[in-house]
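Student: Pasting in a structure now, in structure tokens, and then I'll have a few things to ask.
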Amino acid sequence: MKIRFWGVQGSTPIPLSSAQLQDKIRDVLRRAHGRSLQTERELEAFIAELPFSLTHTTGGNTTCFEILSQHGTRVIVDLGTGARRLGWELMRGLAGEGKATLPIFLTHCHWDHIMGLPFFMPLFVVGNKLQIYGGHPYLREALERQMHPHSFPIRLDEVEAEISYQQLREDDVVTIDDLRIQCKPLHHPGGSFAYRITEADKSIVIATDAEYKELDAESLRPFVEFYQNAEVLVFDAQYTLMDLFQKIDWGHSSSIIGVEICLMANVAKLVLTHHDPTYNDEMRTEILDKTEAFKQEAMRQEHVRYLREDLEVVMGYEGLEIEI
Numbered sequence: 013m014k015i016r017f018w019g020v021q022g023s024t025p026i027p028l029s030s031a032q033l034q035d036k037i038r039d040v041l042r043r044a045h046g047r048s049l050q051t052e053r054e055l056e057a058f059i060a061e062l063p064f065s066l067t068h069t070t071g072g073n074t075t076c077f078e079i080l081s082q083h084g085t086r087v088i089v090d091l092g093t094g095a096r097r098l099g100w101e102l103m104r105g106l107a108g109e110g111k112a113t114l115p116i117f118l119t120h121c122h123w124d125h126i127m128g129l130p131f132f133m134p135l136f137v138v139g140n141k142l143q144i145y146g147g148h149p150y151l152r153e154a155l156e157r158q159m160h161p162h163s164f165p166i167r168l169d170e171v172e173a174e175i176s177y178q179q180l181r182e183d184d185v186v187t188i189d190d191l192r193i194q195c196k197p198l199h200h201p202g203g204s205f206a207y208r209i210t211e212a213d214k215s216i217v218i219a220t221d222a223e224y225k226e227l228d229a230e231s232l233r234p235f236v237e238f239y240q241n242a243e244v245l246v247f248d249a250q251y252t253l254m255d256l257f258q259k260i261d262w263g264h265s266s267s268i269i270g271v272e273i274c275l276m277a278n279v280a281k282l283v284l285t286h287h288d289p290t291y292n293d294e295m296r297t298e299i300l301d302k303t304e305a306f307k308q309e310a311m312r313q314e315h316v317r318y319l320r321e322d323l324e325v326v327m328g329y330e331g332l333e334i335e336i
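Residue 13 is where the sequence shown starts when you use our numbering, and the numbers rise one by one after that.
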């Protein structure tokens, strides 16, 4: 099973500006001063030394994930602006022939998680089927509203693909070929849902848009149990811990809390996502470094013993693929 990241931005899309790109180039050139970079090996070694912020950008598209099973079963989670590029990729396969059935699980219906739907090309091909799942009773209403003629030239009831809707409850289990999907309510304005996607004995959990207001073990237990032993936890790390304390009830979390939960839940890999639009790549790299330092310090505490001693912390970015 693998997960592909098509959009990881929180709240609103933010493309990299020309000024930001030029700043990256300047920084790389400064670091290259005095270095011998004549051979491919020297170039690769130099690039390997650069921080994440200079070798990557997290990207500007909002939330969209694609999960593929070993046998090719596909599940999509959220339709932020990253869904536009995913849609074009799918058009190269069965979706382009009008033969695709696409299960789509929505964490919730805030704009940044659905605004890619009007630009999702499989929607406009006769024969395709979109199966929309989510925990909210107004899935259809929310998607139709953003494609009202006042907002978009094509209404949702005018598209060529067939669309179905299914509301999920906490204990529901959806089986799609070799994948099993469970959902868990999260604390977020208007409500949000985490999804645990399992193939055989391997699981990926997507838990974006969540606030953990009470951090004692008893309050965290329902979430720890849902995330337990996951190979990957895609986690809402929108704010620094300092900013989080100033934004109570905004419905988001921090990478530090993500580490604590992963250590309690025996998670193998923590992926930071739903990045705040006011943080640039340099700030996000700093967050990643501080998160890694916090993890190392937490695991050195003699009075605490964790089941896993090799938690990996990864920055989510467009184009990231993780295979388990």
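Where a beta carbon is used, it is the ideal one built from N, C-alpha and C, also for glycine.
According to DSSP, what are the bridge partners of T220?
Tutor: Looking at the DSSP assignment, T220 forms no beta bridge with any residue, so it has no partner.
Student: Could you give the first and the last residue of the continuous alpha helix (DSSP H) run that contains Q158?
Tutor: 151-158
Student: Less than 7 Å between the C-beta atoms of I218 and Y177, yes or no?
Tutor: no
Student: For the alpha helix (DSSP H) containing G146, name the first residue and the last one.
Tutor: Note, G146: premise wrong, no alpha helix (DSSP H); beta strand (DSSP E) at 141-146.
Student: Distance, Cα to Cα, E156 vs H45?
Tutor: 55 Å
Student: Figure out for me which residue from R233, E101, G146, V244 has the closest Cα to the Cα of D184.
Tutor: G146
Student: Specify whether the region 47-67 and the region 287-298 touch according to this definition: at least 3 beta carbon pairs, one from each stretch, less than 8 Å apart.
Tutor: yes
Student: List, from N- to C-terminal side, the beta strand (DSSP E) runs of 3 residues or more that fit wholly inside the region 255-296.
Tutor: Counting whole runs of 3 or more residues, the region 255-296 contains the beta strand (DSSP E) stretches 281-285.
Student: Over what stretch of residues does the alpha helix (DSSP H) that includes V40 continue unbroken?
Tutor: 30-44
Student: If distances are taken between C-alpha atoms only, which option among T220, R167, E78 comes closest to F17?
Tutor: E78
Student: Check this for me: beta carbons of D124 and S266, under 7 Å apart or not?
Tutor: no
Student: On the DSSP bridge list, what partners appear for E174?
Tutor: K141
Student: Return the Cβ separation of V244 and I334 in integer angstroms, given the expectation that the two are a contact with Cβ distance under 8 Å.
Tutor: 6 Å
Student: Could you tell me which residues DSSP puts in a beta bridge with C195?
Tutor: Y207
Student: Relative to the alpha-carbon of Q32, which residue among Y329, P165, N292 has its alpha-carbon at the smallest distance?
Tutor: N292
Student: Give a yes or no on whether the C-beta atoms belonging to A310 and L284 are separated by under 7 Å.
Tutor: no
Student: P197 and I26: beta carbons closer than 7 Å?
Tutor: For P197 and I26, no; Cβs fall outside 7 Å.
Student: Tell me the DSSP bridge mates of G82?
Tutor: Going by the sequence as given, residue 82 is Gln instead of Gly. DSSP lists no beta-bridge partner residue for Q82.
Student: Alpha carbon to alpha carbon, how far is I37 from E211? Give it in angstroms, no decimals.
Tutor: 42 Å
Student: Is A112 near L106, with beta carbons less than 7 Å apart?
Tutor: yes
Student: For E330, which three-state DSSP category applies?
Tutor: Assignment of E330 by DSSP, reduced to helix, strand and coil, places it in the coil class.
Student: For E170, does the count of other Cβ atoms within 10 angstroms reach 16, so buried, or fall short, so exposed?
Tutor: exposed
Student: What does K14 pair with, by DSSP beta-bridge criteria?
Tutor: L80, E335
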